[in-house]
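Enquirer:
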Amino acid sequence: MIKHFLGAAAVIFSLSACQSHTAIDNSTSLIGSWHIESVLSEPTIDYSPAKLIFSENGQLNGNTSCNPFMGSYTFENNVLTLTPAGTTRKACIEALMTQEQKVMLAMPLVISASIAQGKLRLVDQNKKTIMVLSKLT
1 MIKHFLGAAA VIFSLSACQS HTAIDNSTSL IGSWHIESVL SEPTIDYSPA
51 KLIFSENGQL NGNTSCNPFM GSYTFENNVL TLTPAGTTRK ACIEALMTQE
101 QKVMLAMPLV ISASIAQGKL RLVDQNKKTI MVLSKLT
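Per UniProt numbering, residue 1 is the first one in the sequence shown, and the count goes up by one each step.
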């Protein structure tokens, strides 16, 4: 009986480890503030205020790590386009400025998004995840 229980537990554990990425079917799933956890395969600095804010009217703003930015986004036919239009230019410590450059470089590369386990994954044309974000409450 214990063998059957352990076998069943192993199967359940194995299945729960499988990640399913849910494609976003409309922009309402994006609406809100998202903390950038990683960009271009590197985790963000712990104290970094890096975030993206998707508004209902297509406005995109947030913080690149060092400076606030504004821009726009479109989401049509499962294609997500982020267009940063401007940012302030205050100086920060070098690590945050480097991270800011990565965020600004990554945004125009995004073409799609998926949500899995509460994480928003922004993906480039090679289907490589270039940003991972978590919803801010």
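The beta carbon of each residue, even a glycine, is placed where N, CA and C say it ideally should be.
Which residues does DSSP list as the beta-bridge partners of G62?
Expert: L52, F69.
Enquirer: Is the region 111 to 131 touching the region 90 to 99 in the sense that three or more CB pairs, one from each, lie closer than 8 Å?
Expert: Touching, no, given that fewer than three Cβ pairs across the two stretches are closer than 8 Å.
Enquirer: Rounded to whole angstroms, what's the CA-CA distance from T88 to L136? Just pull it up for me.
Expert: Their backbone Cα atoms lie some 23 Å apart in a straight line.
Enquirer: Classify T98 as helix, strand or coil using the three-state DSSP reduction.
Expert: Residue state, collapsed to three classes: helix.
Enquirer: Is L60 near L40, with beta carbons less than 8 Å apart?
Expert: Contact flag unset, no.
Enquirer: Can you name the start and end residues of the beta strand (DSSP E) that I130 belongs to?
Expert: Start and end: 129 to 135.
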